[in-house]
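Just so it is clear: in the sequence shown, position 308 is 292 by our numbering, and no numbers are missing.
Ideal placement from N, C-alpha and C gives every residue a C-beta, glycine not left out.
As the structure is a prediction and not an experimental result, all values here were calculated from the model.
Take a look at the structure below.
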Amino acid sequence: MRGKVTAVVGTKWGDEGKGKIIDFLAQRADVVARATGGSNAGHRVVINGRAYPLHLLPSGVFNSKAKIIIGNGVLVDPVILYKEIKALEDDGFKVMNRLYISEKAQVVLPYHPILDAAEEKMRTHKIGTTKRGIGPAAQDKYARWGISMGDFLEQKTSTLIQNACNEKMKMGVPRAATQEDMVIACELQEKEYVEAVEYLKPCICDTISLLHDYLDSGENILIEGAQATLLDIDVGTRPYVTSSNPIAAGMCVGIALGPTYVSEIIGVTKAYESRVGEGPFPTEEFGEDGKRIREWGHEYGTTTGRPRRCGWQDLVALRYACRVNGLTGLAVNHLDTIGKFKKIKVCIGYRNQETGKTVFNFNANTKFLEKMEPIYEEFDGDFGDISHVSSVADLPESAWWYLQYIANYTGVPIRYIGVGPSREDLIECDLQPMKE
Ligand code: IMP
-15 MRGKVTAVVG TKWGDEGKGK IIDFLAQRAD VVARATGGSN AGHRVVINGR
35 AYPLHLLPSG VFNSKAKIII GNGVLVDPVI LYKEIKALED DGFKVMNRLY
85 ISEKAQVVLP YHPILDAAEE KMRTHKIGTT KRGIGPAAQD KYARWGISMG
135 DFLEQKTSTL IQNACNEKMK MGVPRAATQE DMVIACELQE KEYVEAVEYL
185 KPCICDTISL LHDYLDSGEN ILIEGAQATL LDIDVGTRPY VTSSNPIAAG
235 MCVGIALGPT YVSEIIGVTK AYESRVGEGP FPTEEFGEDG KRIREWGHEY
285 GTTTGRPRRC GWQDLVALRY ACRVNGLTGL AVNHLDTIGK FKKIKVCIGY
335 RNQETGKTVF NFNANTKFLE KMEPIYEEFD GDFGDISHVS SVADLPESAW
385 WYLQYIANYT GVPIRYIGVG PSREDLIECD LQPMKE
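Right, here's the structure in full:
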């Protein structure tokens, strides 16, 4: 019998704590696959009190028995991946013997971060990218002149980098200074790239056949999302988005798996919202409440260290994420953090500040969102210390009401609840929406 496929997706602007949910689910998976994004992603997994920041390796790597796939949809910076693997191997986690990197995965080259920074500088409306070269690498992919990991098996790394850089400059790079920086970056990083690629070469293969063979032989697959729904290039808050499709459908593309093979899609949300980079954020809190969320929830970027913008939970946006991903379950993280407030706000609709009209459907259009002010429902907080709680029945009644409201509003059951930062601080449950 074919194995089961579970996908985990971020519901808003990333950093919802997917790593923690994936780390938990990976314990039941035979294969963990990363399908989208690149080293712009940052997952922080805490094991035995020690934090491991990951950018390219799936967080599921901590299940030592799972095979790890980096799919065709991932933009791979070989140097970052190499360093990440080395750090884990040096700490006693075996990775190389169970890692498979798609030969089709596009490579992030030394000049991509240079172009990322140059493009951002020239933009009138800044996106606030992570400057990891993701946008330019994606542009090269779709312009069909980038290089793939499989190319390293055919040609010398240094030749590939030089040729790609020359080709790119021929196609047009706006400023001479940028061209110079690109050439310098390629020269400076050549050695690092060669070393990284040599190390990674044994892992580069046809992951499509591999994954489907595993599935056919009954193995369970966990697809690990990167970034999140509202950062999606098609359905997110464009232009303040990333250059890929982090939604569930994009994850299927990113490992070449038909959507009918996926049986569960879990959407991860925090009990509040955060966003890094620019772009609309209707429930953003600029005052004391925003500061409290940032401090209590430790909301600083894993990849860039930037303080995150913080605000109240937006259920209008969450329901949109449920719809566009076809979510079968929700994971609500940071219940402990939000429970520190005496009163908790939740956005249940928007009011158009120009017309006064109320709206209950999310629209990712930036101009639309800028006009909207949130309509809030208020809940009792003060949940106390809930980090030890292991079942919904043992949560304080006020926490239960809050969660039940989320399930009812979205029509999607809550399957996981994060009650603290550690691996163990997670409740598995089946909190179904109540019918009217
Ligand atoms: P890029 O993906 O580096 O091009 O950045 C585009 C936008 O996506 C910026 O607003 C980034 O801050 C945001 N972004 C990209 N990756 C992540 C992530 O993993 N978490 C949160 N935001 C992200």
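Taking 9 Å as the cut-off, decide whether the C-beta atoms of residue i and residue j are in contact.
i           : j           : result
residue 9   : residue 29  : no
residue 255 : residue 297 : yes
residue 294 : residue 278 : yes
residue 320 : residue 370 : yes
residue 7   : residue 43  : yes
residue 124 : residue 152 : yes
residue 19  : residue 239 : yes
residue 96  : residue 116 : yes
residue 65  : residue 180 : yes
residue 315 : residue 213 : no
residue 195 : residue 343 : no
residue 251 : residue 299 : no
residue 365 : residue 322 : yes
residue 358 : residue 21  : no
residue 389 : residue 367 : no
residue 170 : residue 94  : yes
residue 311 : residue 221 : no
residue 395 : residue 417 : yes
residue 248 : residue 313 : yes
residue 336 : residue 355 : yes
residue 284 : residue 331 : no
residue 292 : residue -1  : yes
Could you give the distance in angstroms between the alpha-carbon of residue i and the alpha-carbon of residue j?
i           : j           : result
residue 400 : residue 387 : 11 Å
residue 118 : residue 24  : 7 Å
residue 133 : residue 328 : 48 Å
residue 35  : residue 286 : 11 Å
residue 90  : residue 245 : 25 Å
residue 227 : residue 114 : 12 Å
residue 272 : residue 257 : 15 Å
residue 391 : residue 52  : 32 Å
residue 70  : residue 79  : 9 Å
residue 204 : residue 191 : 15 Å
residue 427 : residue 200 : Limits of the chain in this structure are -15 at one end and 420 at the other, which puts residue 427 out of reach.
residue 41  : residue 304 : 28 Å
residue 92  : residue 174 : 13 Å
residue 27  : residue 186 : 25 Å
residue 109 : residue 263 : 9 Å
residue 46  : residue -3  : 25 Å
residue 144 : residue 243 : 35 Å
residue 60  : residue 236 : 18 Å
residue 382 : residue 290 : 33 Å
residue 419 : residue 393 : 11 Å
residue -14 : residue 57  : 23 Å
residue 137 : residue 219 : 36 Å
Starting from residue i, trace the alpha helix (DSSP H) in both directions and tell me its first and last residue.
i           : result
residue 97  : 96 to 106
residue 317 : It is not in any alpha helix (DSSP H) - residue 317 instead sits in the beta strand (DSSP E) that spans 313 to 317.
residue 7   : 2 to 10
residue 187 : That residue, residue 187, is in no alpha helix (DSSP H); it is neither H nor E in DSSP.
residue 421 : The requested residue 421 does not occur in the structure, where the chain is confined to residues -15 to 420.
residue 274 : 272 to 280
residue 212 : Unbroken run through residue 212: none, as it is neither H nor E.
residue 65  : 62 to 74
residue 387 : 381 to 394
residue 239 : 232 to 239
In the DSSP output, which residue or residues are listed as bridge partners for residue i?
i           : result
residue 356 : 336
residue -9  : 207 and 249
residue 306 : Looking at the DSSP assignment, residue 306 forms no beta bridge with any residue, so it has no partner.
residue 295 : 257 and 268
residue 412 : 400
residue 38  : 27
residue 346 : Beta-bridge pairing links residue 346 to no other residue.
residue 327 : 364
residue 91  : 60
residue 284 : 291
residue 132 : 90
Report the CB separation of residue i from residue j in whole angstroms; it is logged as a contact under 8 Å.
i           : j           : result
residue 225 : residue 112 : Not a contact, Cβ separation roughly 11 Å.
residue 162 : residue 207 : Not a contact, Cβ separation roughly 36 Å.
residue 38  : residue 87  : With 8 Å as the limit, residue 38 and residue 87 do not qualify as a contact, their Cβ atoms being about 22 Å apart.
residue 422 : residue 184 : Outside the modelled stretch of the chain, which goes from -15 to 420, sits residue 422, for which no answer is possible.
residue 2   : residue -6  : 6 Å
Would you say the beta carbon of residue i comes nearer than 8 Å to a heavy atom of the ligand FMN?
i           : result
residue 297 : Within the structure as shown, the ligand FMN is missing, the only ligands being the ligand IMP.
Hey, could you find the ends of the beta strand (DSSP E) residue i is sitting in?
i           : result
residue 25  : Unbroken run through residue 25: none, as it is neither H nor E.
residue 52  : 51 to 54
residue 15  : 15 to 18
residue 118 : From DSSP, residue 118 is part of no beta strand (DSSP E) but of the alpha helix (DSSP H) over 118 to 127.
residue 84  : 83 to 86
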